[in-house]
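Protein chains in written order, with the working numbering: chain W, 194 to 310; chain B, 1120 to 1231.
Just so you know, even glycine gets a beta-carbon here, dropped at the ideal spot from N, CA and C.
Structure (structure tokens):
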């Protein structure tokens, strides 16, 4: 059973370009979360999705950022018109539909390191 | 507004001794407390958790203690091994609100 797969592992974008980060959850997992880690900081929650639904996007910046988890295919975190401050590690996590808080059963991917130049 | 604090950015411990990592939180309504371990260039890996109705949970070399009156969480690793060298994050969660709130992490170095 493969773990949470994120690609690309490293992404370099020029200011103003778009960044697309992909996350394939573990098999059988229906909950996906995106977190961002800025240098020298802890991980910060961005968004929680289930298939075709955004459940909680309270951590997403109001502009330029969007996320989706379609019926088929990976979850996508999209950042439009990237700026230097978007440089960070972006982690995706997934969890199964079991009893108890879903977020406590989250398995994390290896992350995508976005560098904006 | 930092709800979860790890006040020690780094900690060095001799191999075989006990490592104690600490975490303080501000909201007494948190339901679940977790510890994650993270190696460079990898994602966090779940280590151990405890619900708010307990004060101790043990799993092999790892024990988590919860002091609700002090709003304090600690992770004990004994005996410490070189492979334990990593950054450790505490995290909190509320039932019905699935987002984890992480501390800033403590870098643990085990000295052979």
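Does the beta-carbon of residue i have 16 or more other beta-carbons within 10 angstroms, so that it is buried, or is it exposed?
i, result
"residue 1145 of chain B", "exposed"
"residue 1148 of chain B", "exposed"
"residue 1135 of chain B", "exposed"
"residue 1077 of chain B", "The displayed coordinates of chain B run from 1120 to 1231. Any statement about residue 1077 of chain B would go beyond what the structure contains."
"residue 1174 of chain B", "exposed"
"residue 1201 of chain B", "exposed"
"residue 1158 of chain B", "exposed"
"residue 217 of chain W", "buried"
"residue 1224 of chain B", "buried"
"residue 224 of chain W", "buried"
"residue 1205 of chain B", "buried"
"residue 297 of chain W", "buried"
"residue 205 of chain W", "exposed"
When the Cα atoms are used, what is the spatial distance from residue i to residue j?
i, j, result
"residue 277 of chain W", "residue 305 of chain W", "16 Å"
"residue 232 of chain W", "residue 1152 of chain B", "24 Å"
"residue 1171 of chain B", "residue 1150 of chain B", "5 Å"
"residue 222 of chain W", "residue 289 of chain W", "4 Å"
"residue 1181 of chain B", "residue 1199 of chain B", "10 Å"
"residue 1141 of chain B", "residue 1213 of chain B", "20 Å"
"residue 1192 of chain B", "residue 1178 of chain B", "16 Å"
"residue 1126 of chain B", "residue 200 of chain W", "33 Å"
"residue 299 of chain W", "residue 310 of chain W", "32 Å"
"residue 1194 of chain B", "residue 1215 of chain B", "25 Å"
"residue 245 of chain W", "residue 1222 of chain B", "30 Å"
"residue 1130 of chain B", "residue 264 of chain W", "45 Å"
"residue 267 of chain W", "residue 284 of chain W", "14 Å"
"residue 1156 of chain B", "residue 234 of chain W", "15 Å"
"residue 1176 of chain B", "residue 203 of chain W", "37 Å"
"residue 1165 of chain B", "residue 1203 of chain B", "13 Å"
Are the beta-carbon atoms belonging to residue i and residue j less than 7 Å from one another?
i, j, result
"residue 282 of chain W", "residue 230 of chain W", "yes"
"residue 1138 of chain B", "residue 1219 of chain B", "no"
"residue 247 of chain W", "residue 213 of chain W", "no"
"residue 198 of chain W", "residue 287 of chain W", "no"
"residue 1230 of chain B", "residue 1133 of chain B", "yes"
"residue 262 of chain W", "residue 252 of chain W", "no"
"residue 307 of chain W", "residue 280 of chain W", "yes"
"residue 1185 of chain B", "residue 1169 of chain B", "yes"
"residue 195 of chain W", "residue 227 of chain W", "no"
"residue 1163 of chain B", "residue 301 of chain W", "yes"
"residue 256 of chain W", "residue 240 of chain W", "no"
"residue 1123 of chain B", "residue 1197 of chain B", "no"
"residue 303 of chain W", "residue 1217 of chain B", "no"
Quick check: is any heavy atom of the ligand COA less than 6 Å from the C-beta of residue i?
i, result
"residue 310 of chain W", "Ligands displayed in this structure: none; no statement on the ligand COA is therefore possible."
Does the stretch 199–210 of chain W come close enough to the stretch 266–280 of chain W that 3 or more CB-CB pairs lie under 8 Å? yes
Whole beta strand (DSSP E) elements within the stretch 1170–1229 of chain B, 3-residue minimum: 1175–1178, 1181–1186, 1191–1196, 1205–1213 and 1216–1221
If you scan the stretch 1130–1165 of chain B from start to end, which runs of the beta strand (DSSP E) of 3 or more residues do you find wholly inside it? 1138–1144 and 1151–1157
Inside the stretch 242–299 of chain W only - beta strand (DSSP E) runs reaching at least 3 residues: 246–249, 258–261, 268–272 and 281–288
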